[in-house]
Structures are given as structure tokens and as C-alpha cells.
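According to the working numbering, the residues represented by the sequence shown are -16 to 44, in order.
First comes the structure, then the notes that go with it.
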Amino acid sequence: GPVRSGAAIGFQQTVLAGIGVGAPVLFAATVSRGSWTVAFALSALFPLVGWWVLGPLAERR
-16 GPVRSGAAIG FQQTVLAGIG VGAPVLFAAT VSRGSWTVAF ALSALFPLVG
34 WWVLGPLAER R
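Listed below in C-alpha cells is the structure:
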């Protein structure tokens, strides 16, 4: 509700900032240990996992 919306947005932005710092480092490590193809293939999996995890929520509407 409106009372906790500020805390929820703050938490969301904190998580996004952490991902924004960590993702490029992990991507670079993947390129270094593997290849650009592997790094981009792994990156392409994240939206698919998100679709799979969040898909059931769309059906509840």
C-alpha cells in the first residue's frame, strides 16, 4: 500500500544498482574465461528465466 511504497521502491532501486555493478563484472569474467558467444548466450537466458518466473503472475489478472 501507500505506506510501504517508498520502502519498496528504495529496495528495488538498491537491487537494481547492485545488479548494475555486478553484471558487467560477471560479463567480463565470462568473456575472459570463455568467449563473447558464451557471455551473450548466458545474457540471453536471463530474460527467458524472468518470463518463466513471472509468467504465472500475468495469468492471475
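Beta carbons: idealized from backbone N, C-alpha and C, even for Gly.
When the Cα atoms are used, residue 16 and residue 40 turn out to be separated by approximately 36 angstroms.
Residues of the same chain with their beta carbon placed closer than 7 angstroms to that of residue 43 are lacking, with the five preceding and five following residues left out of the count.
A check of alpha carbon separations from residue 13 across -2, 30, 26, -10 identifies 26 as the nearest. The Cβ atoms of residue 10 and residue 22 sit closer than 9 angstroms to each other.
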